[in-house]
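As numbered in my numbering, residues 15 to 268 make up the sequence shown, in order. C-beta: ideal position from N, C-alpha, C; glycine also. In what follows, a single structure is set out as structure tokens and then discussed.
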Amino acid sequence: MRRTVIAGNWKMFKTVDESVELVTALKPLTSNLKPNVDVIVCPPFTSLAIVANLLKGSNVKLGAQNMSEQDEGAYTGEVSWKMLKSAGCEYVILGHSERRQYFGETNELINLKAKKALANGLRPIICVGEKLDEREKGVTEQIISTQIKGVLGGISSDDLKKVIIAYEPVWAIGTGKTASPLQAEEVHQHIRKLVAQLYSWNVAEGLVIQYGGSVKPDNAAELLAQDDIDGALVGGACLKADSFASIISASPSR
Ligand code: 13P
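Put into structure tokens, the structure is as follows:
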């Protein structure tokens with residue numbers, strides 16, 4: 015059975031002191047996780063090392079929000095896989111819609127980043143999702159297929175076992191509009207079927223697919239109860255320890 019993975023994407027929020035405060039409050043609330051549940055926090059780069067230190071001996075894992083596709087070099091402002099690993103990260107979010115929208119990230123670039131992360135022992139959480147006009151035009155599945163094929167190109171079945179896909183409909187991010195559990199489940203099923211075609215049913219069955227977009231304590235349980243929704247990528251509601259903890263405890267015991 016697939017694990018349920020709840021990740022918090024802090025985006026560009028929290029100074030170092032605020033990060034310490036949030037993680038210190040979160041630790042006791044996550045000391046008794048259900049055995050099938052994993053929890054990840056993804057603070058900004060500047061807080062990774064200190065958060066890693068605070069998380070030692072806890073049930074919470076650490077991820078970053080982005081990573082360069084290069085190993086090292088004269089790339090001002092970029093952060094490499096080696097830096098993330100030395101700061102204590104196990105995971106890295108790649109291709110978030112905000113990276114695609116504001117920083118021009120393409121499926122090709124996200125694919126290079128994913129391959130670089132996998133080759134170096136970081137587990138990518140790769141984001142896909144349609145925009146509102148695409149949903150309204152009825153081309154959601156086409157958009158998602160193009161994104162999935164693009165970001166997974168050249169990734170082996172063995173490596174795919176380390177990948178998490180996050181389905182985040184762009185129109186649901188930070189808007190308070192959540193996809194209904196059924197709308198989300200439909201896309202998750204589509205992703206799983208596509209991965210089965212590209213790889214095998216066995217690989218597709220094992221793939222963790224998170225939902226993201228206005229996940230809150232009051233809608234988490236019904237989203238996470240869907241067969242193909244294996245976790246959540248949480249934005250706004252992960253910035254407070256108690257609301258993130260309520261989402262974590264809404265995970266079904268499978
Ligand atoms: P919100 O939960 O704030 O809608 O953000 C979702 C998201 O983008 C997580 O990566």
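Going by the C-beta, is residue i closer than 7 Å to any heavy atom of the ligand 13P?
{"i": "Val-229", "result": "yes"}
{"i": "Val-142", "result": "no"}
{"i": "His-1", "result": "Look at the range of the chain in this structure, 15 to 268, and you will see that residue 1 is not part of it."}
{"i": "Pro-250", "result": "The sequence as given places Gly at residue 250; Pro does not occur at that position. Yes; taking the cut-off as 7 Å, the Cβ of Gly-250 has a heavy atom of the ligand 13P nearer than that."}
{"i": "Ile-187", "result": "yes"}
{"i": "Leu-247", "result": "yes"}
{"i": "Gly-226", "result": "yes"}
{"i": "Glu-182", "result": "yes"}
{"i": "Asn-233", "result": "no"}
{"i": "Asn-23", "result": "yes"}
Between which residues of its own chain and residue i is the CB-CB distance below 8 Å, once the five residues before and five after are set aside?
{"i": "Gly-220", "result": "Arg-16 and Lys-175"}
{"i": "Lys-207", "result": "Ala-218"}
{"i": "Glu-199", "result": "Gln-240, Asp-241, Asp-242 and Ile-243"}
{"i": "Tyr-89", "result": "Ser-82"}
{"i": "Ile-64", "result": "Val-30, Ser-33 and Val-34"}
{"i": "Ser-72", "result": "Lys-41, Thr-44 and Ser-45"}
{"i": "Ser-260", "result": "Pro-231 and Ala-234"}
Considering only residues of the same chain and omitting the five flanking positions on each side of residue i, which have a CB-CB separation below 7 Å?
{"i": "Ser-267", "result": "Lys-48 and Asn-50"}
{"i": "Cys-145", "result": "Per the sequence shown, residue 145 should be read as Lys rather than Cys. Same-chain partners within the cutoff: Val-184 and Trp-185."}
{"i": "Ser-159", "result": "Leu-208"}
{"i": "Thr-154", "result": "Glu-144, Glu-148 and Val-201"}
{"i": "Lys-129", "result": "Gly-168 and Ile-169"}
{"i": "Leu-238", "result": "Thr-18, Ala-246, Ala-264, Ser-265 and Pro-266"}
{"i": "Glu-122", "result": "Gly-164"}
So which of the options has the shortest CA-CA distance to residue i?
{"i": "Tyr-105", "options": "Ala-180, Leu-253 and Val-37", "result": "Ala-180"}
{"i": "Gly-190", "options": "Gln-161, Gly-226 and Asn-216", "result": "Gly-226"}
{"i": "Cys-141", "options": "Glu-83, Gly-109 and Leu-76", "result": "Gly-109"}
{"i": "Cys-103", "options": "Tyr-116, Leu-68, Ala-88 and Glu-119", "result": "Leu-68"}
{"i": "Lys-230", "options": "Ala-133, Thr-192, Ser-111 and Val-74", "result": "Thr-192"}
{"i": "Ala-235", "options": "Ile-54, Ala-251, Ile-262 and Asn-216", "result": "Ile-262"}
{"i": "Ser-228", "options": "Ile-124, Pro-57 and Ser-257", "result": "Ser-257"}
{"i": "Ile-107", "options": "Cys-252, Asn-216, Val-55 and Gly-188", "result": "Val-55"}
Between which two residues does the alpha helix (DSSP H) carrying residue i extend?
{"i": "Asn-121", "result": "121 to 133"}
{"i": "Asn-67", "result": "62 to 69"}
{"i": "Tyr-89", "result": "Neither: Tyr-89 is in no alpha helix (DSSP H) and is coded neither H nor E."}
{"i": "Arg-113", "result": "111 to 117"}
{"i": "Ile-157", "result": "154 to 166"}
{"i": "Arg-206", "result": "195 to 212"}
{"i": "Lys-75", "result": "Segment 74 to 78 is the beta strand (DSSP E) holding Lys-75; no alpha helix (DSSP H) there."}
{"i": "Thr-38", "result": "30 to 43"}
{"i": "Val-217", "result": "215 to 220"}
{"i": "Arg-16", "result": "Arg-16 -> no alpha helix (DSSP H), and no H or E assigned at all."}
{"i": "Ala-180", "result": "Unbroken run through Ala-180 is the beta strand (DSSP E), 178 to 181; no alpha helix (DSSP H)."}
{"i": "Asp-256", "result": "255 to 263"}
{"i": "Asp-172", "result": "171 to 174"}
To which residues of the same chain is residue i closer than 6 Å at the C-beta, ignoring the five residues directly before and after it?
{"i": "Val-37", "result": "Val-65 and Leu-68"}
{"i": "Pro-195", "result": "Glu-236, Leu-237 and Gln-240"}
Locate the beta strand (DSSP E) running through residue i, then write down its first and last residues.
{"i": "Leu-247", "result": "245 to 248"}
Closer than 8 Å is the cut-off here; do at least three beta carbon pairs connect the stretch 157 to 176 with the stretch 88 to 106?
Not touching, per the Cβ criterion.
Evaluate contact between the stretch 35 to 42 and the stretch 240 to 248, counting only Cβ atoms and requiring at least three cross-stretch pairs below 8 Å.
Per the Cβ contact rule, the stretch 35 to 42 is not in contact with the stretch 240 to 248 (fewer than 3 Cβ pairs under 8 Å).
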